[in-house]
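The structure appears below as structure tokens.
Protein chains: 2
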Amino acid sequence: MVTLFDVARLAGVSTATVSRVVHGQDRVREATRTRVQQAIEELGYVPDGAAQSLSRRRKDVIGMVCVEREVEPQDIENVGLLYYDEVLRGVEARIRNHNLLLLITFMQAEGVGTPDFRRLDSMSGKVDGILIGEGFVASHYIERLAARVPVVVIAGTPGERAADVVAADNFSGSAAIITHLIADHGKRRLFHVDGPPDSPDAIQRRLALEHVLRGHPQCQLIGSTQGIFSVRSGEQAGEELLARHRGALPEAVVCANDQMAIGVMAALQQAGLGVPGDVAVTGFDDVPVARHLHPPLTTIRQPMQELGAMAFDVLYSRISTGKGESDVMLPVQLIIRESCGCTSAPAQDGK
Amino acid sequence: MVTLFDVARLAGVSTATVSRVVHGQDRVREATRTRVQQAIEELGYVPDGAAQSLSRRRKDVIGMVCVEREVEPQDIENVGLLYYDEVLRGVEARIRNHNLLLLITFMQAEGVGTPDFRRLDSMSGKVDGILIGEGFVASHYIERLAARVPVVVIAGTPGERAADVVAADNFSGSAAIITHLIADHGKRRLFHVDGPPDSPDAIQRRLALEHVLRGHPQCQLIGSTQGIFSVRSGEQAGEELLARHRGALPEAVVCANDQMAIGVMAALQQAGLGVPGDVAVTGFDDVPVARHLHPPLTTIRQPMQELGAMAFDVLYSRISTGKGESDVMLPVQLIIRESCGCTSAPAQDGK
DNA sequence: CTGAAAGCGCTAACAA
DNA sequence: TTGTTAGCGCTTTCAG
Chain A
0 MVTLFDVARL AGVSTATVSR VVHGQDRVRE ATRTRVQQAI EELGYVPDGA
50 AQSLSRRRKD VIGMVCVERE VEPQDIENVG LLYYDEVLRG VEARIRNHNL
100 LLLITFMQAE GVGTPDFRRL DSMSGKVDGI LIGEGFVASH YIERLAARVP
150 VVVIAGTPGE RAADVVAADN FSGSAAIITH LIADHGKRRL FHVDGPPDSP
200 DAIQRRLALE HVLRGHPQCQ LIGSTQGIFS VRSGEQAGEE LLARHRGALP
250 EAVVCANDQM AIGVMAALQQ AGLGVPGDVA VTGFDDVPVA RHLHPPLTTI
300 RQPMQELGAM AFDVLYSRIS TGKGESDVML PVQLIIRESC GCTSAPAQDG
350 K
Chain B
0 MVTLFDVARL AGVSTATVSR VVHGQDRVRE ATRTRVQQAI EELGYVPDGA
50 AQSLSRRRKD VIGMVCVERE VEPQDIENVG LLYYDEVLRG VEARIRNHNL
100 LLLITFMQAE GVGTPDFRRL DSMSGKVDGI LIGEGFVASH YIERLAARVP
150 VVVIAGTPGE RAADVVAADN FSGSAAIITH LIADHGKRRL FHVDGPPDSP
200 DAIQRRLALE HVLRGHPQCQ LIGSTQGIFS VRSGEQAGEE LLARHRGALP
250 EAVVCANDQM AIGVMAALQQ AGLGVPGDVA VTGFDDVPVA RHLHPPLTTI
300 RQPMQELGAM AFDVLYSRIS TGKGESDVML PVQLIIRESC GCTSAPAQDG
350 K
């Protein structure tokens, strides 16, 4: 391995000088600089990250934990992936600008057992701060991490003790889409495909549903079922709905996310039902494929990239200044397409 | 920051002993061990990764470079994401078993300019080995990295000088799907939506197309256009096709990947054409949503997770033993659904 | 403008 | 079984 020392010897200077030219900060005589640079080039020298981190007391690496709910590892459906993709993009964009690197790890939501635990600890020793990709990691867990490095939870429940939280305004979004169904389409009989009970996002969305229904006594929730945010679980929800309410179908199925909406639509169409003709369906998130579905999915756009970017900003500010904003909420947007019963997508769609 | 030394002092032992109990390898008297563990617990000690790496001369981190082609940063369509998701899963599964961590970075394919270059260098100083997520990074680039750590290229062109290459059998897959179109559906007039010119995958797939056509003189390629593997570029390809061949449509559109097939189908359907009624369409990759499209997409399944897993295995073997397999090719599978004109999906579909 | 030298926190001989 | 100690490669005062 080529070290600073090797370069220094070849260039006939001290390691301090080499370090200076590598970082371009301090003033070094032009002649010396070029000589050193030649040596660096010739040797193909690249500084050792571990040594730098140790010496600088700073890793220049941010950790991101992506929590997965998947139970059946063989299931082809990708659960939270589309979600993380987008969040990740937002984070990455920022990371790049700050010349940091991203250390990433996936974790099972359940089985918060020893192995995953140890992985997180190990991560916490290699990064300057940690982003938790979804807010349903146990608080004591978070506290343990936060004892070592700053932690920001994305899509978590505001009020986390040891960490900052950045989330989208799920409540308003959910209320908006349900109100659209009721007020603009006159839907009365609703069916709800809920998300996992421990998901802060799902909780807010459900609360909004209940809130809106309370304001519209003429409407009723004819049934509901719980999924795990995956396409497959949406399909199952659709089948269950069919089995239970074949005789008197709901007028609209409100899904807690797009993936499940995809599954529900598939199940409905499989059974020969038309969407939105026979039953309207709505999602939440506006994943990239939502607009390409048949019919295009009416949903709520979460600013997922912004979520990632904002989470990073908060984390970075904690890291560098020690200060941050403990609870940030980002606005969402109703995206009207056709699965709700609207006939053509208004300009809101964005393109 | 809590250090080994702090723990040692609190427990009344030397740092070496603490190190021993942290790693559980060496023999330590039971009483001492518990005393040390209590101290660790009390202080919330977690070893510093940088110091460990420096001392052990090993980072326990694998780097992964995801190359993106995206030109317009504002474009909502996610280009290679679905692809990387799957590959990443394969890699992650292995990483996890080996108790390593994953350092990940995204890079623009174009603009192989200074900024990205520096990011890669910086990564190479923080990892034990690097996985390049797609094979169209310039060779001299790869060589530079490979001078420091082992490098494995996923979906690259076999024969890379400085690195090992792991790829799917694109040629056979492409040949199989086109042959299906010609032999089983009697398609004669084909249109090709090609991938980026510098993509090894796209090159193999195109070569297979030419190869098959050569064997079927009665068939003709009525036109072709080049996309960048994104949904948007597929849409544009579809529009272009429509503009150029409205009068005499092709019988089938062969797309170099699923994303573009999605775009093509959207454009065709937008124009009132039926798929596969008026025009058959095929993809390549079998991304998770392929089966949920309308019609379900006939495509080639690349074993993407296996690609990632295999790439990791090769890399790991290079890292630990210095030996590896320089060119590995994984088999692919024809997935017949409905977009090719078949009426129902045979059992091949997998579920 | 450049060099010498003291660590950063941990590991791993080697001694005891 | 436990302690001592010499680094790992780099940054950063502090002198010169």
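Sequence order for the protein chains is A and B.
For what it's worth, my numbering labels the leading residue of the first sequence as 0, then goes sequentially.
For what it's worth, my numbering labels the leading residue of the second sequence as 0, then goes sequentially.
Cβ atoms here follow ideal geometry from the backbone N, Cα and C, with glycine treated the same way.
Who are the near neighbours of residue i in its chain, counting only those whose CB is closer than 7 Å to its CB and skipping five residues on each side?
| i | result |
| --- | --- |
| B/S13 | A7 |
| B/F116 | none |
| B/A270 | L241 |
| B/P72 | Its pLDDT being 39, under 50, B/P72 is placed unreliably in this model, and the value from its coordinates should be taken loosely. Here the set comprises nothing. |
| A/E142 | R160 and A161 |
| B/C218 | I181, R187, L189 and L212 |
| A/E76 | Here A/E76 scores only 47 on pLDDT, less than 50, and its place in the model should not be relied on; the value that follows carries that caveat. Excluding sequence neighbours, A/E76 sits near S229, V230 and R231. |
List the residues of chain A that residue i touches, going by C-beta distances under 8 Å, in chain order.
| i | result |
| --- | --- |
| B/D227 | Rather than Asp, the amino acid found at residue 227 of chain B in this sequence is Ile. The contacting residues do not exist; B/I227 stays about 16 Å from chain A at best. |
| B/L101 | L102, I103 and T104 |
| B/D277 | Per Cβ cutoff of 8 Å: no residues; B/D277 is ~16 Å from chain A at best. |
If you measure between the beta carbons of residue i and residue j, is that distance less than 8 Å?
| i | j | result |
| --- | --- | --- |
| B/V280 | B/V274 | yes |
| B/E250 | B/R336 | no |
| B/D193 | B/T224 | yes |
| B/V278 | B/G233 | no |
| A/A38 | A/A10 | yes |
| A/V177 | A/A207 | Before going on, a small fix: residue 177 of chain A reads as Ile here, not Val. Against a cut-off of 8 Å, the Cβ pair of A/A207 and A/I177 comes out as a contact. |
| A/K58 | A/D127 | yes |
| A/L53 | B/L53 | yes |
| B/Q268 | B/V230 | no |
| A/L101 | A/K125 | no |
| A/T298 | A/I261 | no |
| B/F283 | B/S173 | yes |
| A/A321 | A/H184 | Sequence check: residue 321 of chain A is Gly here, not Ala. No, Cβ-Cβ distance for A/G321 and A/H184 is not below 8 Å. |
| A/V136 | A/L306 | no |
| A/S338 | A/L296 | yes |
Name, please, each residue of chain A whose Cβ falls closer than 7 Å to the Cβ of residue i.
| i | result |
| --- | --- |
| B/A50 | L53 |
| B/E91 | F105 |
| B/V13 | Sequence inspection shows Ser at residue 13 of chain B; the Val mentioned does not correspond to that position. The premise fails here: B/S13 is roughly 21 Å from chain A at the closest Cβ pair, so nothing lies under 7 Å. |
For residue i, which residues from the same chain have a beta carbon less than 6 Å from its beta carbon, with the 5 sequence-adjacent residues on both sides left out?
| i | result |
| --- | --- |
| A/I131 | V64 and V152 |
| A/F311 | V90 and R93 |
| A/G134 | V152, A154, G155, T156 and P199 |
| A/L3 | T14 and V17 |
| A/M303 | E85 and V86 |
| A/P330 | D168 |
| B/A175 | L333 |
Given that residue i touches chain B, what residues does it touch there, using C-beta distances under 9 Å?
| i | result |
| --- | --- |
| A/G282 | Chain B residues near A/G282: none, gap ~13 Å exceeds 9 Å. |
Mind listing the chain A neighbours of residue i? Cutoff is C-beta to C-beta under 9 Å, in chain order.
| i | result |
| --- | --- |
| B/E209 | Ordered by position in chain A, no residue passes the 9 Å Cβ test against B/E209, which lies about 30 Å from the chain. |
| B/E133 | Within 9 Å Cβ-Cβ: nothing; B/E133 doesn't reach chain A, min ~16 Å. |
| B/I261 | V288 and H291 |
| B/D120 | V45 and P46 |
In chain B, what lies closer than 7 Å to residue i by C-beta?
| i | result |
| --- | --- |
| A/H124 | Rather than His, the amino acid found at residue 124 of chain A in this sequence is Gly. Going along chain B in sequence order, the residues near A/G124 (Cβ under 7 Å) are V45, P46, D47 and G48. |
| A/A7 | Neighbours of A/A7 on chain B: none; closest Cβ ~17 Å, over 7 Å. |
| A/A265 | H291 |
Leaving out the 5 sequence neighbours to the left and right, which residues in its chain are closer than 8 Å to residue i when beta-carbon positions are compared?
| i | result |
| --- | --- |
| B/H244 | F190, I221 and G222 |
| B/A308 | G89, V90, A92 and R93 |
| A/T104 | G62, M63, V64, C65, R118, L119 and M122 |
Quick one: list the residues of chain B neighbouring residue i, beta-carbon separation under 8 Å, in chain order.
| i | result |
| --- | --- |
| A/K58 | G48 and A49 |
Legend entry - Residues from the stretch 135-150 of chain B in contact with chain A, defined by Cβ distance under 8 Å: Under the 8 Å Cβ criterion, the stretch 135-150 of chain B contributes R143, A146 and R147.
Inset, instruction - Taking only runs that begin and end inside the stretch 88-124 of chain A, name each unbroken alpha helix (DSSP H) of 4 or more residues, in chain order. - result: Runs of alpha helix (DSSP H) with 4 or more residues, each lying fully within the stretch 88-124 of chain A, are found at 113-123, listed in chain order.
Legend entry - Inside the stretch 175-202 of chain A only - beta strand (DSSP E) runs reaching at least 3 residues: The qualifying runs are 188-193.
Inset, instruction - Below 9 Å between beta carbons is the criterion; list the residues of the stretch 221-246 of chain A that meet it against any residue of chain B, in chain order. - result: Within the stretch 221-246 of chain A, the residues whose Cβ lies closer than 9 Å to some Cβ of chain B are V230, listed in chain order.
Legend entry - Within 8 Å of chain B by C-beta, residues of the stretch 189-206 of chain A in sequence order: Result list empty, no residue passes.
Inset, instruction - Give, in chain order, every residue of the stretch 284-306 of chain B whose Cβ lies closer than 7 Å to some Cβ of chain A. - result: Taking 7 Å as the Cβ-Cβ cut-off, the stretch 284-306 of chain B approaches chain A at P287, V288, H291 and H293, given in chain order.
Inset, instruction - At 3 residues or longer, and completely inside the stretch 284-349 of chain A: list those beta strand (DSSP E) runs for me, N to C. - result: Those beta strand (DSSP E) runs which fall completely within the stretch 284-349 of chain A and span 3+ residues are 298-300, 326-329 and 332-334.
Inset, instruction - Note down, one range per segment and in chain order, each alpha helix (DSSP H) of at least 4 residues found wholly within the stretch 217-283 of chain B. - result: Those alpha helix (DSSP H) runs which fall completely within the stretch 217-283 of chain B and span 4+ residues are 230-244 and 257-269.
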